[in-house]
Amino acid sequence: MENSNTLEFRTESDYLGTEQIPVDAYYGIATARALKLFPKTGEQFDEKFIWAYFMIKKSAALLNAEIGRLDKNIAAAITTACDEWERLKEWVVVDPLSGGAGTSVNLNINEVIANQATEILGGKKGEYLVDPYNHVNMHQSTNDTFVTAGKMAVILRLRELVDSVIKLQEVIQEKEKEFYSIRTVGRTQLMDALPIMMGQQFGAWADALARDRWRLNKVEERIRSVNLGGTAIGTGVGAPKEYTLRIVEVLRQVANVKIAKAENLIDATQNLDTFAEVHGLLKSLAVNLYKISNDIRLLGSGPKTAIGELILPAVQVGSTIMPGKVNPVVPEYVLQNMLVVFGHDEIVSHACAQGNLQLNQFAPIVVHFTLKSMRLLTSSCHALAKYVKLLDVDKERCQQNLERSSSNLTPLINYFGHEVVSEAIRQAHYDVEKALQLLAEKENTTVSELLKKLNIQKMTGLGYY
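In terms of my numbering, the sequence shown opens at residue 27 and continues consecutively.
Right, here's the structure in full:
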């Protein structure tokens, strides 16, 4: 934002009174009042949301001019101003968590566009040759523009998120192939279990992400239906029928985003369950990213005194006091972000349920935290993909752990029974060689013969018995 000269103000007035506005500010009295009412929380509007809102205003001006409701010169000034959204976005200054169901940001954007359009027509800020209400907001309500902008932004962020999931999945699949021949110990409840190929573990992670990828691709269809044209409660009062019927198609063409007019505008105005649905799938992705990141930490733990089978990349100094220490900082980054997403899911779910009758007044936090979760997930996928690409495996450690695991004796229950093998392991204090010796003596055979029966090399495939 340009530096405001705090000594220079302009005075604006409305039916509530007057306010002093910094002379160079593109916002006006409604925004100034919102800034006084709602202290800044540090949260910022998603850039895609701001862009979508400007495109809605542009589309409305184009259509209103076409149907003869708006002066063509004023409409042209509005559309030109909307095309300058990237420069003007710094003047969208109200807090995303302001009360009023999004009215503050709608008014803020109306005023910014009106003042820019006024300058285009040769006027000065605050003169409002283009009026924020009568011209920029013509045939609109916050209740249909805000949610529509939110859904458009979600669609765009969804595509970015899916791309990041694909990238992560592909990197993990590359590691699946790279590590496929390396056997190690599987673990259930953090205790030694049957053998597994390290590549199989990476393959399981990749398939979990494949499900997320599919779910997120499909859910875009659920968020495309918008209530633009329904005005305040979905009945379209205050807008001509031609506008209501055509505005979504005009916006679709202007913004190049695949949206469609909701079949029931009243339903689409008051119910935000599609956001809860979308965020539920974001949570599902967060669950998988949390699991993958935590597994990487565990498999790389130690590295000398714990599992230590994955060699974690040294991407950052791990300690200010312990020399040579390397920590799993990227998985930890992802874990923290996923905890935030889990919290956002609670917020979004409860807020979606809190609508009353014809409107959900908590649309601002629903939209804001849905978009914030999407950004966190996208950045987490990108960071984790770079990290996974640098992972390596300590083959010697995997082999040592595999040879020490008493779970390798599991197939012998088909020859001795569960009780006998369990007792041998207990008596041997989980020493595999001693347990094999005890079982060999009991069966009057040799350890070599028992190892032939075990054939550990085949244990990681289907049909082993």
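Every residue, glycine too, gets a C-beta built ideally from N, C-alpha and C.
Treat the numbers as computed from the prediction; the structure is a model and nothing was measured.
How would you write the range of the alpha helix (DSSP H) that residue i sits in, first residue to last?
i	result
valine 343	Neither: valine 343 is in no alpha helix (DSSP H) and is coded neither H nor E.
arginine 95	Counting along the chain, arginine 95 falls outside any alpha helix (DSSP H), and DSSP gives it neither H nor E.
threonine 44	It is not in any alpha helix (DSSP H) - threonine 44 instead sits in the beta strand (DSSP E) that spans 43-48.
glutamate 459	458-469
threonine 57	55-63
phenylalanine 442	439-442
serine 474	473-480
Please report the Cβ distance between residue i and residue j, rounded to the nearest whole angstrom; I am assuming they are in contact, meaning their Cβ atoms lie under 8 Å.
i	j	result
isoleucine 13	lysine 83	Here the chain comprises residues numbered 27 to 491, so residue 13 is not present and cannot be evaluated.
lysine 115	cysteine 407	About 26 Å separates the two Cβ atoms, so there is no contact after all.
valine 458	arginine 430	6 Å
histidine 165	asparagine 90	6 Å
leucine 410	leucine 315	7 Å
glutamate 335	asparagine 427	7 Å
leucine 291	glycine 264	Wrong, their Cβ atoms sit about 13 Å apart, outside the cutoff.
isoleucine 273	alanine 102	Their Cβ separation, rounded to whole angstroms, is 18 Å, which puts isoleucine 273 and alanine 102 out of contact at 8 Å.
tyrosine 53	valine 119	6 Å
valine 367	leucine 402	6 Å
valine 352	leucine 88	That belief does not hold up - the Cβ atoms of valine 352 and leucine 88 are roughly 57 Å apart, past 8 Å.
isoleucine 337	valine 283	Not really, about 44 Å apart at Cβ, beyond 8 Å.
Apart from the five residues just before and just after residue i, which ones in its own chain have a Cβ nearer than 8 Å to its Cβ?
i	result
proline 65	Asp121
leucine 438	Val447, Leu465, Leu476, Lys479, Leu480
aspartate 40	Ile55, Ala56
What does a CB cutoff of less than 6 Å around residue i pick up in its chain, not counting 5 residues either side in sequence?
i	result
serine 375	Ala302
asparagine 31	Residue confidence is low: asparagine 31 scores 48 on pLDDT, short of 50, so the model does not pin down where it sits. Its coordinate-derived value is still stated next. Excluding sequence neighbours, asparagine 31 sits near nothing in its chain.
lysine 415	Val197
arginine 213	Ala219
glutamate 28	Bear in mind that a pLDDT of 48 at glutamate 28, under 50, signals an unreliable position, so the number given afterwards is only what the model happens to contain. Counting only Cβ-Cβ distances below 6 Å, and skipping sequence neighbours, we find Asp50.
glutamate 492	The structure shown does not extend to residue 492, since the chain is modelled only from 27 to 491, so the question has no answer here.
alanine 281	Met81
alanine 377	Phe388, Ile391, Val392
leucine 462	Val473, Leu476
Provide the residue span of the beta strand (DSSP E) that contains residue i, from first to last.
i	result
glutamine 219	According to the sequence as given, residue 219 is alanine; it is not glutamine. First-last of the beta strand (DSSP E) with alanine 219: 217-223.
arginine 272	Looking at the DSSP string, arginine 272 is not in any beta strand (DSSP E); the run it does join, the alpha helix (DSSP H), is 267-281.
lysine 250	The question names lysine, but residue 250 in the sequence shown is arginine. It is not in any beta strand (DSSP E) - arginine 250 carries neither H nor E in the DSSP assignment.
threonine 37	35-40
Ignore the nearest five residues each way along the sequence and tell me which others in residue i's own chain have a CB closer than 7 Å to its CB.
i	result
alanine 175	Phe75, Ala78, Tyr79, Ile82
threonine 472	Ala466
glutamate 45	Glu38, Ile55, Ala58, Arg59
valine 162	Lys83, Ile104, Asn136, Ile139, Ala140, Val156
proline 154	Here the sequence assigns tyrosine to residue 154, which means proline is not the residue at that position. So the list reads Ala140, Thr144, once near-sequence residues are dropped.
arginine 323	Pro354, Pro357
Under 8 Å, Cβ to Cβ, is there at least one residue of chain D near residue i?
i	result
arginine 237	Structure shown: chain D not included; a single protein chain is present.
Contact between the region 186-199 and the region 219-237 (3+ Cβ pairs under 8 Å): yes
Note down, one range per segment and in chain order, each alpha helix (DSSP H) of at least 4 residues found wholly within the region 352-437. 355-379, 389-415, 421-430
Segments assigned alpha helix (DSSP H), at least 4 residues, entirely inside the region 166-218: 168-204
Should the region 388-404 be regarded as contacting the region 179-190, the criterion being three or more beta carbon pairs within less than 8 Å? yes
Minimum length 4: unbroken alpha helix (DSSP H) runs contained in the region 274-337: 291-296, 299-325
Spell out a yes or no on whether the region 150-170 and the region 235-249 are touching, meaning 3 or more CB-CB pairs, one atom from each, closer than 8 Å. no
Enumerate, from N- to C-terminal direction, the unbroken alpha helix (DSSP H) stretches of 4 or more residues contained entirely within the region 65-147. 73-92, 98-109, 111-114, 129-146
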